[in-house]
Amino acid sequence: MRLGGYLVSKTGETGMPVRGAAPHGANDPESVSRAVRDMFTAIAPRYDLLNHLLSANIDKLWWRRTARALSGVLSQPGARVLDICCGTGDMAFALRRQSPQSNITGADFSHAMLVLASAKSESAGVQWIEADALQLPFPDQSFDLVTSAFGFRNLADYDAGLREIRRIIRPGGECGILDFNEPKGVLGKLYNVYFESILPRIGGLISGSQGAYAYLPASVARFPAPAEMLGRMHAVGFREVSWSPYTLGIAGLFRGRR
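In terms of this note's numbering, the sequence shown opens at residue 51 and continues consecutively.
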(Lines of atoms letter the chains of each structure in order from A and count residues from 1; the text may use other names and numbers.)
(Lines give C-alpha, C1' and ligand atoms only; values in the text may rest on other atoms or scores of the structure.)
Protein backbone atom coordinates (compact mmCIF):
# COMPACT_ATOMS: atom_id res chain seq x y z
CA MET A 1 0.00 0.00 0.00
CA ARG A 2 1.45 3.35 -1.02
CA LEU A 3 0.41 6.71 0.34
CA GLY A 4 1.45 9.99 -1.16
CA GLY A 5 1.32 13.60 -0.06
CA TYR A 6 2.09 15.32 3.19
CA LEU A 7 -0.76 16.01 5.55
CA VAL A 8 -0.86 18.73 8.15
CA SER A 9 1.35 17.72 11.06
CA LYS A 10 0.01 16.66 14.40
CA THR A 11 0.51 19.48 16.85
CA GLY A 12 1.54 19.50 20.47
CA GLU A 13 0.29 21.58 23.35
CA THR A 14 1.97 24.71 21.93
CA GLY A 15 0.19 24.34 18.61
CA MET A 16 3.51 23.74 16.85
CA PRO A 17 4.12 20.60 14.73
CA VAL A 18 5.18 17.60 16.80
CA ARG A 19 8.95 17.29 16.89
CA GLY A 20 9.32 13.99 18.67
CA ALA A 21 8.46 12.02 21.79
CA ALA A 22 7.35 13.92 24.88
CA PRO A 23 7.37 11.93 28.16
CA HIS A 24 5.71 13.75 31.05
CA GLY A 25 7.94 16.48 32.42
CA ALA A 26 10.44 16.40 29.53
CA ASN A 27 10.53 19.58 27.46
CA ASP A 28 13.79 19.50 25.48
CA PRO A 29 15.66 16.82 23.47
CA GLU A 30 18.11 16.07 26.27
CA SER A 31 15.43 15.57 28.93
CA VAL A 32 13.31 13.52 26.50
CA SER A 33 16.21 11.17 25.78
CA ARG A 34 17.00 10.87 29.48
CA ALA A 35 13.37 10.17 30.41
CA VAL A 36 12.97 7.52 27.68
CA ARG A 37 16.24 5.80 28.65
CA ASP A 38 15.29 5.74 32.32
CA MET A 39 11.82 4.43 31.48
CA PHE A 40 13.04 1.51 29.40
CA THR A 41 15.79 0.70 31.86
CA ALA A 42 13.15 0.45 34.59
CA ILE A 43 10.88 -1.93 32.66
CA ALA A 44 13.65 -4.03 31.05
CA PRO A 45 13.23 -7.07 33.36
CA ARG A 46 9.57 -7.49 32.34
CA TYR A 47 9.83 -6.03 28.83
CA ASP A 48 9.63 -9.24 26.79
CA LEU A 49 6.91 -10.78 28.95
CA LEU A 50 4.72 -7.72 28.65
CA ASN A 51 5.30 -7.28 24.91
CA HIS A 52 4.09 -10.80 24.20
CA LEU A 53 1.30 -10.74 26.77
CA LEU A 54 -0.17 -7.37 25.84
CA SER A 55 -0.01 -8.06 22.09
CA ALA A 56 -1.26 -11.68 22.41
CA ASN A 57 1.99 -12.68 20.67
CA ILE A 58 1.03 -10.81 17.50
CA ASP A 59 4.27 -8.85 17.83
CA LYS A 60 6.18 -12.00 16.81
CA LEU A 61 4.18 -12.14 13.57
CA TRP A 62 4.95 -8.48 12.88
CA TRP A 63 8.70 -9.01 13.26
CA ARG A 64 8.66 -12.02 10.94
CA ARG A 65 6.52 -10.23 8.39
CA THR A 66 8.87 -7.25 8.42
CA ALA A 67 11.91 -9.47 7.91
CA ARG A 68 10.22 -11.17 4.96
CA ALA A 69 9.25 -7.82 3.45
CA LEU A 70 12.89 -6.76 3.54
CA SER A 71 14.23 -10.06 2.18
CA GLY A 72 15.33 -8.40 -1.07
CA VAL A 73 18.06 -6.34 0.53
CA LEU A 74 18.77 -9.04 3.13
CA SER A 75 19.53 -11.54 0.36
CA GLN A 76 22.37 -9.42 -1.01
CA PRO A 77 25.76 -11.07 -0.39
CA GLY A 78 27.42 -9.63 2.68
CA ALA A 79 24.51 -7.30 3.46
CA ARG A 80 25.22 -5.04 6.44
CA VAL A 81 22.17 -4.44 8.62
CA LEU A 82 21.60 -2.18 11.62
CA ASP A 83 18.56 -2.41 13.90
CA ILE A 84 18.28 0.79 15.95
CA CYS A 85 16.32 1.16 19.20
CA CYS A 86 16.71 -2.62 19.25
CA GLY A 87 15.53 -3.21 22.81
CA THR A 88 16.03 -6.85 23.72
CA GLY A 89 16.76 -7.76 20.11
CA ASP A 90 13.65 -9.45 18.72
CA MET A 91 13.68 -7.56 15.41
CA ALA A 92 17.39 -8.28 14.98
CA PHE A 93 16.77 -11.97 15.64
CA ALA A 94 13.96 -12.04 13.07
CA LEU A 95 16.29 -10.47 10.50
CA ARG A 96 18.96 -13.01 11.36
CA ARG A 97 16.58 -15.93 10.88
CA GLN A 98 15.51 -14.50 7.52
CA SER A 99 19.12 -14.02 6.42
CA PRO A 100 21.73 -16.01 8.40
CA GLN A 101 24.51 -14.75 6.12
CA SER A 102 23.92 -11.04 6.79
CA ASN A 103 26.06 -8.96 9.14
CA ILE A 104 23.54 -7.71 11.72
CA THR A 105 24.12 -5.18 14.48
CA GLY A 106 21.62 -4.10 17.13
CA ALA A 107 21.95 -0.66 18.73
CA ASP A 108 20.16 0.81 21.74
CA PHE A 109 20.98 3.49 24.31
CA SER A 110 19.61 1.44 27.22
CA HIS A 111 22.39 -0.70 28.64
CA ALA A 112 19.86 -2.83 30.54
CA MET A 113 18.08 -3.74 27.30
CA LEU A 114 21.34 -4.70 25.59
CA VAL A 115 22.32 -6.94 28.50
CA LEU A 116 19.08 -8.87 27.98
CA ALA A 117 19.54 -8.95 24.21
CA SER A 118 23.04 -10.34 24.59
CA ALA A 119 21.83 -13.00 27.02
CA LYS A 120 19.16 -14.09 24.53
CA SER A 121 21.43 -14.12 21.49
CA GLU A 122 23.91 -16.85 22.48
CA SER A 123 25.21 -18.01 19.07
CA ALA A 124 22.71 -16.02 17.00
CA GLY A 125 25.50 -14.02 15.38
CA VAL A 126 24.19 -10.53 16.18
CA GLN A 127 26.52 -7.81 17.44
CA TRP A 128 25.32 -5.29 20.02
CA ILE A 129 26.36 -1.70 20.55
CA GLU A 130 25.22 0.92 23.05
CA ALA A 131 24.40 4.01 21.01
CA ASP A 132 21.90 6.85 20.67
CA ALA A 133 19.85 6.60 17.46
CA LEU A 134 20.24 10.36 16.94
CA GLN A 135 24.05 10.17 17.11
CA LEU A 136 25.08 6.84 15.66
CA PRO A 137 28.83 6.04 15.79
CA PHE A 138 29.07 4.87 12.19
CA PRO A 139 30.55 6.48 9.08
CA ASP A 140 28.32 7.69 6.27
CA GLN A 141 26.92 4.99 3.97
CA SER A 142 27.83 2.08 6.27
CA PHE A 143 24.72 -0.13 5.93
CA ASP A 144 22.54 -1.70 3.27
CA LEU A 145 19.52 -1.79 5.58
CA VAL A 146 18.52 0.08 8.74
CA THR A 147 15.46 -1.05 10.70
CA SER A 148 13.62 -0.04 13.84
CA ALA A 149 10.75 -1.89 15.51
CA PHE A 150 8.51 0.01 17.95
CA GLY A 151 11.35 2.29 18.99
CA PHE A 152 11.47 5.10 16.46
CA ARG A 153 8.45 6.90 17.91
CA ASN A 154 10.39 7.33 21.17
CA LEU A 155 13.03 9.55 19.55
CA ALA A 156 13.25 13.14 20.74
CA ASP A 157 13.30 14.37 17.12
CA TYR A 158 11.68 12.30 14.36
CA ASP A 159 13.17 14.25 11.45
CA ALA A 160 16.66 14.17 12.96
CA GLY A 161 16.25 10.42 13.38
CA LEU A 162 15.31 10.01 9.72
CA ARG A 163 18.27 12.12 8.63
CA GLU A 164 20.62 10.02 10.75
CA ILE A 165 19.19 6.81 9.30
CA ARG A 166 19.61 8.11 5.76
CA ARG A 167 23.16 9.24 6.48
CA ILE A 168 24.37 5.75 7.30
CA ILE A 169 22.54 3.95 4.46
CA ARG A 170 24.42 3.25 1.25
CA PRO A 171 22.96 4.55 -2.04
CA GLY A 172 20.28 2.08 -3.09
CA GLY A 173 19.93 0.79 0.47
CA GLU A 174 16.67 0.74 2.43
CA CYS A 175 15.16 1.59 5.77
CA GLY A 176 12.24 -0.18 7.43
CA ILE A 177 10.44 1.34 10.41
CA LEU A 178 7.83 -0.85 12.12
CA ASP A 179 5.64 0.98 14.58
CA PHE A 180 2.15 1.35 16.00
CA ASN A 181 -0.67 3.24 14.34
CA GLU A 182 -4.12 4.42 15.42
CA PRO A 183 -6.71 2.46 13.38
CA LYS A 184 -9.97 4.10 12.38
CA GLY A 185 -13.64 3.17 12.77
CA VAL A 186 -15.07 0.66 15.23
CA LEU A 187 -11.75 -1.16 15.53
CA GLY A 188 -10.10 2.12 16.41
CA LYS A 189 -12.58 2.76 19.23
CA LEU A 190 -12.06 -0.72 20.69
CA TYR A 191 -8.32 -0.36 20.28
CA ASN A 192 -8.34 2.96 22.13
CA VAL A 193 -10.28 1.49 25.05
CA TYR A 194 -7.76 -1.32 25.38
CA PHE A 195 -4.71 0.82 24.73
CA GLU A 196 -5.66 3.72 26.98
CA SER A 197 -7.45 1.95 29.83
CA ILE A 198 -6.62 -1.75 30.05
CA LEU A 199 -3.03 -1.97 28.81
CA PRO A 200 -1.60 0.70 31.18
CA ARG A 201 -3.14 -1.06 34.20
CA ILE A 202 -1.81 -4.50 33.28
CA GLY A 203 1.57 -3.16 32.20
CA GLY A 204 1.94 -1.03 35.31
CA LEU A 205 0.94 -3.87 37.62
CA ILE A 206 3.38 -6.40 36.16
CA SER A 207 6.29 -4.04 35.46
CA GLY A 208 5.92 -1.91 38.56
CA SER A 209 6.12 1.20 36.39
CA GLN A 210 2.77 2.96 35.93
CA GLY A 211 4.41 5.84 34.08
CA ALA A 212 5.94 3.72 31.32
CA TYR A 213 2.66 2.11 30.32
CA ALA A 214 0.73 5.34 30.58
CA TYR A 215 3.33 6.84 28.25
CA LEU A 216 2.86 4.08 25.65
CA PRO A 217 -0.62 5.08 24.36
CA ALA A 218 0.35 8.75 24.55
CA SER A 219 3.42 8.11 22.39
CA VAL A 220 1.31 6.33 19.75
CA ALA A 221 -1.26 9.12 19.71
CA ARG A 222 1.55 11.65 19.23
CA PHE A 223 3.33 9.73 16.46
CA PRO A 224 2.78 11.02 12.90
CA ALA A 225 -0.01 9.40 10.89
CA PRO A 226 1.19 7.32 7.91
CA ALA A 227 0.77 10.02 5.26
CA GLU A 228 2.62 12.57 7.38
CA MET A 229 5.40 10.13 8.22
CA LEU A 230 5.86 9.33 4.54
CA GLY A 231 6.06 13.04 3.84
CA ARG A 232 8.76 13.45 6.48
CA MET A 233 10.73 10.55 4.97
CA HIS A 234 10.49 12.07 1.51
CA ALA A 235 11.51 15.50 2.83
CA VAL A 236 14.82 14.18 4.22
CA GLY A 237 15.69 12.45 0.95
CA PHE A 238 14.14 8.98 0.92
CA ARG A 239 12.49 7.80 -2.28
CA GLU A 240 10.01 5.03 -3.05
CA VAL A 241 8.45 5.61 0.37
CA SER A 242 5.57 3.34 1.34
CA TRP A 243 3.51 2.15 4.28
CA SER A 244 2.09 -1.37 4.69
CA PRO A 245 -0.56 -1.78 7.44
CA TYR A 246 -0.39 -4.84 9.69
CA THR A 247 -3.34 -6.40 11.52
CA LEU A 248 -6.02 -4.00 10.28
CA GLY A 249 -3.76 -1.00 10.76
CA ILE A 250 -2.82 -1.49 14.42
CA ALA A 251 0.80 -1.41 13.28
CA GLY A 252 2.55 -0.88 9.99
CA LEU A 253 5.86 -0.88 8.14
CA PHE A 254 7.30 2.32 6.68
CA ARG A 255 9.86 1.78 3.93
CA GLY A 256 12.13 4.07 2.00
CA ARG A 257 15.16 3.81 -0.26
CA ARG A 258 18.17 6.06 -0.37
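Where is the CB? At the ideal position from N, CA and C, for every residue including glycine. None of the values given here were measured: they were computed from a predicted structure.
query, result
"Nonlocal neighbours in the same chain, by C-beta distance under 6 Å from Gly-299, ignoring five residues either side", "Asn-231, Pro-233"
"Cα-Cα separation, Pro-250 to Gly-238", "17 Å"
"Nearest residue (CA-CA) to Arg-96, options Ser-259, Glu-278, Ala-285, Met-283", "Ser-259"
"Pair within 8 Å by beta-carbon distance, Arg-308 and Pro-221", "yes"
"For Leu-166, the first and last residue of its enclosing beta strand (DSSP E)", "Premise fails: Leu-166 lies in the alpha helix (DSSP H), 161–171, not in any beta strand (DSSP E)."
"Of the residues Val-243, Asp-140, Leu-228, Asn-77, the one placed nearest His-102, counting alpha carbons only", "Asp-140"
"Nearest-angstrom beta carbon gap, Leu-99 and Gly-253 [assumed within contact, 8 Å]", "With a Cβ gap of about 10 Å, Gly-253 and Leu-99 do not count as contacting."
"Cβ shell of Met-51 (< 8 Å), same chain only, five flanking positions each side left out", "Note that Met-51 has pLDDT 40, beneath the 50 cutoff, so the model's placement of it is unreliable and the number below is only indicative. Result list for Met-51: Ser-292, Trp-293, Ser-294, Pro-295, in chain order."
"Integer-rounded CB distance, given that Cys-135 should sit under 8 Å from Phe-202", "6 Å"
"Closest Cα partner of Tyr-208 within the set Ala-183, Gly-302, Ser-105", "Ala-183"
"Outcome for Asp-194 when other beta-carbon atoms lying within 10 angstroms are tallied against a minimum of 16", "buried"
"Beta-carbon proximity check, Asp-133 vs Ala-119, cutoff 8 Å", "no"
"Ala-76 beta carbon less than 8 Å from that of Val-82", "yes"
"Identified DSSP bridge partners for Thr-155", "Leu-132, Gln-177"
"Distance between Leu-255 and Gln-126 (C-alpha atoms, nearest Å)", "45 Å"
"Inter-residue CB distance, Thr-138 and Leu-166 (contact presumed, cutoff 8 Å)", "4 Å"
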